[in-house]
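Novice: Input: one structure, supplied below.
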Amino acid sequence: MLKASVSPVVSSNYLKYLSPRSYPFLSHYHHHHQQKQYRALRTTTTTTFTFSKPPTHHPGPRTLTSSLFLQRNSKTSYITTALLLASITAAVVYQQQSQQSNMSSKLIPSNPDDVMVIRDVTPNVVTFSVPFLRFGRIPIGGRGTAVKLTNGSIALFSPVALTESAKAKIASMGNDVRYLVATDIEHHIFLSQWKSAYPGAKLVGVEGLPEKRAKAAPSDPQIGAEPFDVVFTKENKLGLKVDEDFDRDFEHEYVDGHANKELVFLYRPDRVLIQADLMFNLPAVEQYSRVPEAEKPKPGFLERFFMGLQSTEGDAKGMKRFLWYMASKPDRASFDESVRRIQGWDFDTIIPCHGETIVGGGKAVFDKVFEWHLNGKN
Ligand SMILES: [Fe+2]
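Be aware that the sequence shown starts at 1, since it is given in UniProt numbering, and climbs by one per residue.
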């Protein structure tokens with residue numbers, strides 16, 4: 001089932017990163033390799049993950065970014081951005097080495113059921129959280145979300161591996177899966193697995209994804225060429241409906257200005273915001289909570305630096321800079337419009353795909369992280 005080689009993907013990711021007009025480090029091949037890298041995680045006693053710090057603390061993010069991002073003048077911004085880019089480049093290079101190391105190691109068979117955390121965030125909203133290493137090194141985790149609509153059907157966002165426990169949980173919710181939503185251009189790898197289990201479900205995604213999957217399908221056994229039922233585009237997004245039942249419960253915003261083409265949803269009845277890469281919230285504690293301590297990844301300097309750019313703690317300056325200079329770069333005006341629309345929604349909980357779910361006070365965190373997009377960057 002696994003692809004024979006990882007390095008071509010890694011190389012292409014690296015090349016994408018080097019291209020200034022393409023989007024580098026949220027371009028998630030990781031979901032594609034989720035199971036494989038989970039297996040790698042289970043073999044952390046090999047040389048693949050020989051980092052320098054113990055796994056139990058997450059010291060880096062705030063400390064690192066605070067010292068690098070304190071100044072406000074634009075000259076310093078350029079310097080810190082350059083530092084950031086250099087670091088991420090280095091991280092990607094390291095990843096190549098790491099992946100090659102993964103390839104050469106024997107990946108043991110494993111079962112994501114062993115580590116998946118299934119959580120009732122509300123009586124109608126359930127998350128499926130799993131470990132995941134970005135670049136094969138940075139523990140960002142992965143998370144799918146199932147929502148029971150008021151009509152009793154189920155919508156599944158950002159599908160992760162459909163494990164036996166996940167199937168049982170879906171069955172306990174009534175088993176009527178009618179919507180499978182790829183929340184951006186990258187969180188789609190497990191769509192086919194879910195679609196074959198729940199063939200009546202509509203596929204929902206963003207422009208470019210059907211073509212991307214059709215291109216990948218012949219060489220990737222995990223990806224089918226199933227047609228999408230709803231595709232958001234920059235042009236149709238304001239008027240597009242999923243269907244009557246879905247739209248009764250959800251607001252949606254297609255953040256076409258984001259490099260990964262994010263789809264963001266509000267489940268109105270429970271005031272829950274569901275999104276993929278628009279806003280991380282590292283460290284990924286829950287997603288690694290079932291991983292045995294000895295097997296947890298041990299982030300080094302570069303990994304902690306990246307994690308610091310994806311933390312909502314404190315003034316979240318690293319994340320603000322990341323969103324401003326990187327994530328919103330393709331079309332900041334459109335990005336800002338999207339953020340303003342989302343800010344107008346009534347939510348209290350935020351479910352990200354990477355890092356911790358925020359239960360209560362989510363709006364305040366959102367306002368802080370997107371301050372520059374809401375109020376302008378001074
Ligand atoms: Fe992601």
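C-beta: ideal position from N, C-alpha, C; glycine also.
Keep in mind the model is a prediction, meaning the values are calculated, not measured.
Go ahead and pull the three-state DSSP assignment for T48.
Specialist: Residue placement at T48 cannot be trusted, given a pLDDT of 30 that sits under 50; what the coordinates show is reported in the next sentence. Here T48 sits in helix by DSSP.
Novice: Give every residue of the same chain whose Cβ lies closer than 7 Å to the Cβ of P184, excluding the five residues on either side of it in the sequence, and list them in chain order.
Specialist: At residue 184 the sequence reads Asp, which differs from the Pro that was named. Only V206, N260, K261, E262, L263, A276, D277 meet the Cβ criterion.
Novice: If you reduce the DSSP assignment to three classes, tell me which class R119 lands in.
Specialist: Looking at R119 - three-state DSSP - the assignment turns out to be strand.
Novice: Relative to the alpha-carbon of G360, which residue among D348, H354, I274 has its alpha-carbon at the smallest distance?
Specialist: Taking only the C-alpha atoms, the option nearest G360 is D348.
Novice: Determine, using beta carbons only, whether S328 and V117 come nearer to each other than 8 Å.
Specialist: No, the Cβ-Cβ distance between S328 and V117 is not below 8 Å.
Novice: Mapping DSSP to helix, strand and coil, what is I358?
Specialist: I358 falls in the strand class under three-state DSSP.
Novice: Relative to the C-alpha of N342, which residue among P131, A364, H187 is closest?
Specialist: The sequence shown places Ile at residue 342, rather than the Asn named in the question. The candidate whose alpha carbon is nearest that of I342 is A364.
Novice: Rounding to the nearest angstrom, what Cα-Cα distance links V234 and A294 in this structure?
Specialist: The question names Val, yet the displayed sequence has Lys at residue 234. Distance between the alpha carbons of K234 and A294: 46 Å.
Novice: Assign L156 to one of three DSSP states: helix, strand, or coil.
Specialist: Strand at L156.
Novice: With 16 as the cutoff for other CB atoms within 10 Å, does F25 come out buried or exposed?
Specialist: Low local confidence applies: a pLDDT of 38 at F25 is under 50, so the model's placement there is unreliable, with the coordinate-based value given in what follows. Counting Cβ neighbours within 10 Å, F25 comes out buried, since at least 16 surround it.
Novice: Return helix, strand or coil for L149, following the three-state DSSP convention.
Specialist: Three-state result, L149: coil.
Novice: What distance in whole Å lies between the Cβ atoms of L203 and E226, which are believed to be in contact at a cut-off of 8 Å?
Specialist: Yes, E226 and L203 are in contact; Cβ-Cβ is about 6 Å, under 8 Å.
Novice: Does the separation of the CB atoms of V125 and V160 fall below 8 Å?
Specialist: Against a cut-off of 8 Å, the Cβ pair of V160 and V125 comes out as no contact.
Novice: What three-state label does DSSP hand S311 in the structure shown?
Specialist: Three-state DSSP puts S311 in coil, outside helix and strand.
Novice: Assuming the contact rule is C-beta atoms closer than 8 Å, R119 and S129 should be a hit. Round their C-beta distance to whole Å, please.
Specialist: Indeed they touch by this definition, with Cβ atoms about 7 Å apart.
Novice: Which residue's Cα is closest to the Cα of G200: F305, M307, G308, N175?
Specialist: When each option's Cα is compared against that of G200, the closest is N175.
Novice: At the level of alpha carbons, what is the spacing between T357 and I350?
Specialist: In a straight line, the C-alpha of T357 is about 6 Å away from that of I350.
Novice: So who's on the other strand from L180, going by DSSP bridges?
Specialist: L180 pairs with L156, L203.
Novice: Can you tell which of Y254, T163, G152, M307 has its C-alpha closest to the C-alpha of D114?
Specialist: Per the Cα distances, T163.
Novice: Which class does L374 belong to by DSSP, given the choice of helix, strand or coil?
Specialist: Of the three classes helix, strand and coil, the one that applies to L374 here is helix, per DSSP.
Novice: Mind checking whether the beta-carbon of H258 lies closer than 7 Å to any heavy atom of ligand 1?
Specialist: False, no ligand heavy atom lies under 7 Å from that Cβ.
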